[in-house]
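A.B. asks: Take a look at the following structure, please.
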Amino acid sequence: MTFVILTLASFVNRLDSIGIAGFSHDFGSLDGKKSAVATVFETFGTLKPSVLTKFILLFSQTFPILFRIPTPLSRLERQLNSSTQGIADELLENTRKESYGTNTAEKSIIGVLIKAEDQDASLHLSQEEIMAQMKVLILAGYETTSISLTWALIELSKKPEKQVKLRKELAGFAGADPTWDQLTNGLPYLDAVVHEILRLHAPVSQITRVATADDVIPLSVPVQTASGKRVDSIYVPKGQTIMVPIECINRSEAVWGADAKEFVPERWLDGGVPKKAHEIQGHRHLLTFSDGARMCLGRGFALAEFKVGSAALLHEFAHADRS
Numbered sequence: 028m029t030f031v032i033l034t035l036a037s038f039v040n041r042l043d044s045i046g047i048a049g050f051s052h053d054f055g056s057l058d059g060k061k062s063a064v065a066t067v068f069e070t071f072g073t074l075k076p077s078v079l080t081k082f083i084l085l086f087s088q089t090f091p092i093l094f095r096i097p098t099p100l101s102r103l104e105r106q107l108n109s110s111t112q113g114i115a116d117e118l119l120e121n122t123r124k125e126s127y128g129t130n131t132a133e134k135s136i137i138g139v140l141i142k143a144e145d146q147d148a149s150l151h152l153s154q155e156e157i158m159a160q161m162k163v164l165i166l167a168g169y170e171t172t173s174i175s176l177t178w179a180l181i182e183l184s185k186k187p188e189k190q191v192k193l194r195k196e197l198a199g200f201a202g203a204d205p206t207w208d209q210l211t212n213g214l215p216y217l218d219a220v221v222h223e224i225l226r227l228h229a230p231v232s233q234i235t236r237v238a239t240a241d242d243v244i245p246l247s248v249p250v251q252t253a254s255g256k257r258v259d260s261i262y263v264p265k266g267q268t269i270m271v272p273i274e275c276i277n278r279s280e281a282v283w284g285a286d287a288k289e290f291v292p293e294r295w296l297d298g299g300v301p302k303k304a305h306e307i308q309g310h311r312h313l314l315t316f317s318d319g320a321r322m323c324l325g326r327g328f329a330l331a332e333f334k335v336g337s338a339a340l341l342h343e344f345a346h347a348d349r350s
């Protein structure tokens with residue numbers, strides 16, 4: 028048996044899949060190419076905001092002109108705009124060629140939206156809107172799946188018996204790729220592992236929302252306020268910012284039981300999800316993808332990407348904890 032130490036993050040944290048599926052652009056990251064977009068995002072991750080940047084972010088909603096002040100952050104944003112501009116131009120040109128019958132079918136997310144204009148003029152996307160949507164896709168999909176894949180391999184390395192169980196399930200597809208239906212419905216233990224990772228290690232630990240109207244939020248159990256008063260609902264005025272602690276809820280022992288902080292994929296099989304967790308309205312009773320009108324639109328793609336990546340890595344390698 029040969030042992031190889033791989034720095035997994037350098038392989039899974041790539042733009043290729045989101046680029047091809049989102050807007051038919053191959054960044055070539057897995058081939059060793061260094062794209063301008065990837066460079067910008069890597070720099071974003073290491074950039075320490077200056078006092079000036081913090082000041083601008085704090086007061087920019089009241090004084091938008093502050094965004095014009097040159098800072099390292101604003102320079103990175105201009106680089107991202109310049110890079111996505113070229114990709115957007117290429118996508119528009121390819122979609123036009125398809126309309127004239129001189130190009131292959133455009134199946135990317137943004138490409139399909141552009142083609143929808145032919146059926147409904149009200150769906151017209153301006154150049155600025157196309158670029159904005161591309162940046163949203165890149166921002167949402169750049170690191171999230173790679174983080175989940177990394178955590179999956181860490182947890183499976185610590186629990187080799189679960190790794191063996193998953194590999195045995197995947198062995199049924201040796202020599203052939205599973206179909207979409209098999210990937211989504213025919214691999215129950217892979218599905219359980221994926222959702223347990225998304226529960227235990229949500230890529231986004233919290234989200235914020237701003238109330239668009241006055242509202243009253245009912246509470247499942249009464250709480251005591253700072254003044255000592257016990258209440259069973261909370262008044263939320265219009266404009267109030269609300270923080271949703273996804274990680275805390277996903278790991279709550281009151282919701283998921285005494286083993287809430289442990290990696291237990293079996294909880295997703297044979298009705299093992301606690302009754303209390305069924306009260307959570309998110310996907311599979313998780314808030315990892317948020318919920319409601321502002322839920323993650325790329326949920327299906329993210330789940331498929333996570334499952335395909337996990338299956339490929341488990342099929343080719345046995346993963347062990349270095350300790």
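Each residue of the sequence shown is one higher than the last, beginning at 28 in my numbering. Note that beta-carbon positions come from the ideal geometry of N, C-alpha and C, so glycine has one too.
#1: Once DSSP output is grouped into helix, strand and coil, what is the label at Q160?
#2: Which residue marks the beginning of the beta strand (DSSP E) containing I244, and which one marks its end?
#3: What does M270 pair with, by DSSP beta-bridge criteria?
#4: If you draw a straight line from the C-alpha of P187 to the C-alpha of V220, how long is it?
#5: What does the Cβ neighbour count give for G138, buried or exposed, with the cut at 16 atoms within 10 Å?
#6: If distances are taken between C-alpha atoms only, which option among I45, Q308, F333 and E293 comes closest to V163?
#7: Kindly indicate which residue of T172, Q308 and P272 has the alpha-carbon position closest to the one of F336.
#8: From R236 to G266, what distance separates their C-alpha atoms?
#9: How many Å lie between R301 and R311 at the Cα?
#10: Which residues in the same chain as M28 place their Cβ atom closer than 7 Å to its Cβ, once the five residues preceding and following it in sequence are excluded?
#11: Quick check: what's the CA-CA separation for L330 versus K60?
#12: What is the DSSP secondary structure of D53, reduced to helix, strand or coil?
#13: Report the rounded CA-to-CA distance for K192 versus V271, giving the unit in angstroms.
C.D. replies: Working from what's here:
#1: Here residue 160 refers to the residue found at position 133 of the sequence shown. Correct three-state label for Q160: helix.
#2: One-based indexing of the sequence shown puts residue 244 at position 217. Element bounds for I244: D242 to Q251.
#3: Within the sequence shown, residue 270 is the residue found at index 243, counting from 1. T235.
#4: Taking the sequence shown and counting its residues from 1, one reaches residue 187 at position 160. Taking the sequence shown and counting its residues from 1, one reaches residue 220 at position 193. The alpha-carbon atoms of P187 and V220 are separated by roughly 13 Å.
#5: Position 111 of the sequence shown, counting from 1, holds the residue named residue 138. Around the beta carbon of G138, 16 or more other beta carbons lie within 10 angstroms, which makes this residue buried.
#6: As a position in the sequence shown, residue 163 is number 136, starting the count at 1. Looking from the CA of V163, the closest CA among I45, Q308, F333 and E293 belongs to I45.
#7: Numbered from its first residue, the sequence shown carries residue 336 at position 309. Here the sequence assigns Gly to residue 336, which means Phe is not the residue at that position. For G336, the nearest C-alpha among the options comes from T172.
#8: Within the sequence shown, numbered from 1, the residue matching residue 236 stands at position 209. Within the sequence shown, numbered from 1, the residue matching residue 266 stands at position 239. Each residue's Cα considered, the two are about 9 Å apart.
#9: By 1-based counting over the sequence shown, the position of residue 301 is 274. By 1-based counting over the sequence shown, the position of residue 311 is 284. First, the residue type needs correcting, since residue 301 is Pro and not Arg in the sequence shown. Straight-line Cα distance between these residues: approximately 12 Å.
#10: Here the question's residue 28 lines up with position 1 in the sequence shown. Interpretation of M28 is limited by its pLDDT of 49, a score under 50 that renders its predicted location unreliable; no figure is taken from the coordinates.
#11: Translated into the one-based positions of the sequence shown, residue 330 becomes position 303. Translated into the one-based positions of the sequence shown, residue 60 becomes position 33. Straight through space, the alpha carbons of K60 and L330 are spaced by roughly 26 Å.
#12: Sequence index remark: in the sequence shown, residue 53 carries index 26 (1-based). The answer is coil: DSSP assigns D53 none of H, G, I, E or B.
#13: By one-based count along the sequence shown, residue 192 stands at place 165. By one-based count along the sequence shown, residue 271 stands at place 244. Distance from the CA of K192 to the CA of V271, rounded to the nearest whole angstrom, comes to 35 Å.
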